[in-house]
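To keep things clear, I will list the structure first and then write my remarks on it.
In this note's numbering, the protein residues as written are 20 to 296.
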């Protein structure tokens with residue numbers, strides 16, 4: 020059962036960044052979110068929130084303070100944040116990765132790889148009979164799809180409301196230093212339930228979809244969850260390579276995107292994200 024995450028570790032120096040990078044092992048899975056003002060090509064990229072699974076300690080990487088060094092500083096093994104984000108073999112989970120991917124490329128020339136978008140996973144796993152046209156927001160996903168204790172859910176929702184009030188008062192809240200406690204809490208809230216959501220949606224994948232995946236496997240028999248993830252990762256990776264190639268950037272999709280539950284429509288002038296099937 021999910022439990023409240025502790026306040027995150029702030030990674031704002033080269034030494035702390037090296038420690039963070041060294042904590043990522045070959046068995047690690049990253050759950051990530053990016054914050055900034057008007058996040059995208061023309062906005063700012065201030066913070067990367069990273070939850071390393073199965074460790075449940077979140078870290079806030081202060082990109083605003085570290086600058087380019089956030090992506091070029093290497094640990095003892097030579098790994099950098101850029102190399103990890105671009106490594107197909109390191110699983111990375113986001114909730115609605117689009118503006119995050121655009122911002123990483125536009126500001127720091129980081130091309131994400133090995134990504135699973137949990138919002139797309141929810142759509143792929145949506146139960147038959149429900150609406151399959153709209154994408155839901157993280158708030159509704161946590162509220163409706165996780166069996167959180169009432170007190171824990173109430174606290175999480177209240178934190179969201181507090182953060183929304185801060186944003187209304189000042190849009191560049193992620194650029195203020197030191198970071199406010201409520202801002203830190205907001206950042207953690209955006210990633211702490213992604214592991215449980217991803218597991219829940221993979222469990223929902225229907226038998227026909229799983230059978231299609233098994234036919235595509237090139238080696239051996241794999242468990243249900245691994246099999247489903249393989250298909251979705253392959254499909255999403257090919258989609259991201261096409262969608263986020265610099266020559267195909269289009270301002271309109273990211274300027275008009277409303278992430279909390281609105282229809283997810285991308286166009287080049289009009290590209291729609293359709294699930295395979």
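The beta-carbon is built from N, C-alpha and C at its ideal position, and this holds for glycine as well. Note that this is a predicted model, so its numbers are computed, not measured.
Sorted by chain position, which residues of the same chain lie with C-beta nearer than 7 angstroms to residue i's C-beta, five sequence neighbours on each side aside?
i	result
residue 106	132 and 133
residue 67	51, 53, 80 and 82
residue 193	54, 55, 56, 65, 66 and 202
residue 129	90, 101, 104, 105 and 123
Tell me the DSSP bridge mates of residue i?
i	result
residue 78	28 and 69
residue 49	71 and 111
residue 99	93
residue 54	66
Whole angstroms is fine: what's the gap from residue i's alpha carbon to residue j's?
i	j	result
residue 127	residue 83	12 angstroms
residue 46	residue 91	23 angstroms
residue 172	residue 70	19 angstroms
residue 166	residue 88	40 angstroms
residue 116	residue 164	20 angstroms
residue 93	residue 100	8 angstroms
residue 170	residue 184	21 angstroms
residue 222	residue 145	11 angstroms
residue 200	residue 30	15 angstroms
residue 211	residue 123	21 angstroms
residue 96	residue 153	43 angstroms
residue 37	residue 118	26 angstroms
residue 177	residue 186	14 angstroms
residue 98	residue 26	26 angstroms
residue 174	residue 188	21 angstroms
residue 168	residue 158	15 angstroms
residue 74	residue 33	22 angstroms
Which residues in the same chain have their Cβ closer than 8 angstroms to the Cβ of residue i, if we skip the five residues on either side of it in sequence?
i	result
residue 28	35, 39, 76, 77, 78 and 79
residue 103	40, 43, 49 and 109
residue 162	172 and 176
residue 72	47, 48, 49, 50 and 214
Report the residue from the options whose alpha carbon sits nearest the alpha carbon of residue i.
i	options	result
residue 140	130, 156, 190 and 129	156
residue 198	118, 81 and 53	81
residue 205	221, 182, 49 and 219	182
residue 113	196, 222, 53 and 187	53
residue 209	160, 166, 222 and 168	160
residue 179	118, 94 and 203	203
residue 196	85, 58, 187 and 211	85
residue 59	125, 95, 73 and 96	125
residue 220	174, 135 and 188	135
With a CB to CB cut of under 6 angstroms and the five nearest residues on each side skipped, what residues in its chain are close to residue i?
i	result
residue 137	112, 114, 213, 216 and 217
residue 56	62, 63, 190 and 191
Per DSSP, what kind of secondary structure is residue i in: helix, strand or coil?
i	result
residue 141	helix
residue 134	strand
residue 218	helix
residue 207	helix
residue 202	helix
residue 155	coil
residue 173	helix
residue 37	helix
residue 192	helix
residue 87	coil
residue 121	helix
residue 104	helix
residue 212	coil
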